[in-house]
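Written below as structure tokens is the structure these notes are about.
Number of protein chains: 2
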Amino acid sequence: MQRMTKQRAAIAELLESTHDFKSAQQLHDLLRERGEAAGLATVYRTLQNLAEAGELDALRTEEGEMLYRMCERAEHHHHLVCRSCGKTVEIDGPTVEDWAQRVGGSFGFSEIEHTIELFGTCAQCAGMRV
Amino acid sequence: MQRMTKQRAAIAELLESTHDFKSAQQLHDLLRERGEAAGLATVYRTLQNLAEAGELDALRTEEGEMLYRMCERAEHHHHLVCRSCGKTVEIDGPTVEDWAQRVGGSFGFSEIEHTIELFGTCAQCAGMRV
DNA sequence: ATGCGTGCAAACGATTTGCAGCCGG
DNA sequence: CCGGCTGCAAATCGTTTGCACGCAT
């Protein structure tokens with residue numbers, strides 16, 4: 021059902037190589053630099069497809085921009101993302117999971133879900149910034 | 021410093037009366053219905069001002085739209101929102117704050133910020149659902 | 001009187017979509 | 001060969017901004 025085109029392959033490969041959160045626009049630029057340019061619209065469409073297929077993690081930045089990255093694990097987890105370069109660390113926090121569950125329960129809420137993402141500046145980017 | 025205009029008053033009053041999360045556009049429509057119409061740009065600007073002044077809580081939906089609601093407390097906190105009726109409880113969690121800071125730091129990240137929202141079904145809605 | 005606040009429309013940035021031609025299966 | 005995929009440009013959508021005028025202080 022999913023046709024394998026050169027642009028889809030290029031995008032998947034690019035994400036595979038970094039494993040960091042990147043925006044559609046960044047990926048578009050990176051592809052162009054690599055000489056494997058693809059239309060911006062195609063990048064967007066491909067990212068959506070892959071995300072729907074569960075092959076990519078997606079999240080929205082504070083500024084409202086969507087970021088995608090190659091999944092490393094399917095289980096529930098959160099992310100610590102560098103707001104400058106997109107470098108990502110997957111973290112699981114039994115502590116917060118419990119906290120969320122406990123707090124929700126204490127207010128009589130059930131079927132509790134949570135959205136938790138951490139943003140920061142990684143050591144490398146902090147150093148470069150001067 | 022903040023000048024009190026009729027549109028600012030109308031917006032504040034509207035938010036005060038619902039205490040629910042609303043988008044700028046929703047507020048704009050509600051104001052028009054009330055016959056207290058204000059320019060859409062003004063609504064946006066006012067919401068930003070109020071949010072910066074710490075008088076409004078702001079969050080971004082999954083779809084990327086900003087929502088605002090009247091604060092009940094000024095300090096940093098998170099929300100527990102009933103996904104059925106929208107009822108919101110403000111929660112603070114020194115535990116998670118620390119956790120976020122600690123986890124971020126342990127990976128060498130600095131200037132750590134976090135996005136944490138809890139969604140659940142409140143006791144009342146859970147009871148009604150049967 | 002001053003100059004912030006407002007309204008309107010144009011500008012914006014991210015994302016989507018219409019459509020004709022391309023190409024993978 | 002056929003229909004999904006692509007590229008491009010135009011279209012959306014939410015939000016922001018430039019500018020001239022109005023009104024709160």
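One line per chain: the protein sequences are E and B, in this order. Per our numbering, the very first residue in the first sequence carries number 21; after that it's consecutive. Per our numbering, the very first residue in the second sequence carries number 21; after that it's consecutive. Beta carbons: idealized from backbone N, C-alpha and C, even for Gly.
Inter-residue spacing [alpha-carbon to alpha-carbon] between residue i and residue j
| i | j | result |
| --- | --- | --- |
| E:L76 | E:C145 | 24 Å |
| E:G140 | E:I132 | 26 Å |
| B:H98 | E:E82 | 15 Å |
| B:T66 | E:L79 | 28 Å |
| E:L51 | B:V116 | 39 Å |
| B:G147 | B:R28 | 39 Å |
| E:E92 | E:G106 | 15 Å |
| B:L35 | B:G59 | 17 Å |
| E:E72 | E:Q46 | 20 Å |
| E:S130 | E:D118 | 13 Å |
| B:G113 | B:E53 | 39 Å |
| E:Q68 | E:I31 | 12 Å |
Chain E contact for residue i (CB, 8 Å cutoff)
| i | result |
| --- | --- |
| B:E33 | no |
| B:F41 | no |
| B:G74 | no |
| B:A120 | yes |
DSSP beta-bridge partners of residue i
| i | result |
| --- | --- |
| E:A78 | E:Y88 |
| E:S130 | B:T141 |
| E:K42 | E:Y88 |
| E:D136 | Checking the sequence, you will find Ile at residue 136 of chain E rather than Asp. Its beta-bridge partners are B:I136. |
| E:E110 | E:H99 |
is_contact[residue i, chain B] using C-beta, thresh 8 Å
| i | result |
| --- | --- |
| E:C105 | no |
| E:A78 | no |
| E:T38 | no |
Short Cβ contact (8 Å threshold) for residue i with residue j
| i | j | result |
| --- | --- | --- |
| E:A44 | E:M86 | yes |
| B:H48 | B:V63 | yes |
| E:I111 | B:V101 | no |
| E:Y88 | E:K42 | yes |
| E:A143 | B:G55 | no |
| B:A61 | B:G74 | no |
| E:G125 | B:G84 | no |
For this session: Decide if the stretch 22-38 of chain B is in contact with the stretch 120-138 of chain B; the criterion is three or more beta carbon pairs, one per stretch, under 8 Å apart.
Result: no
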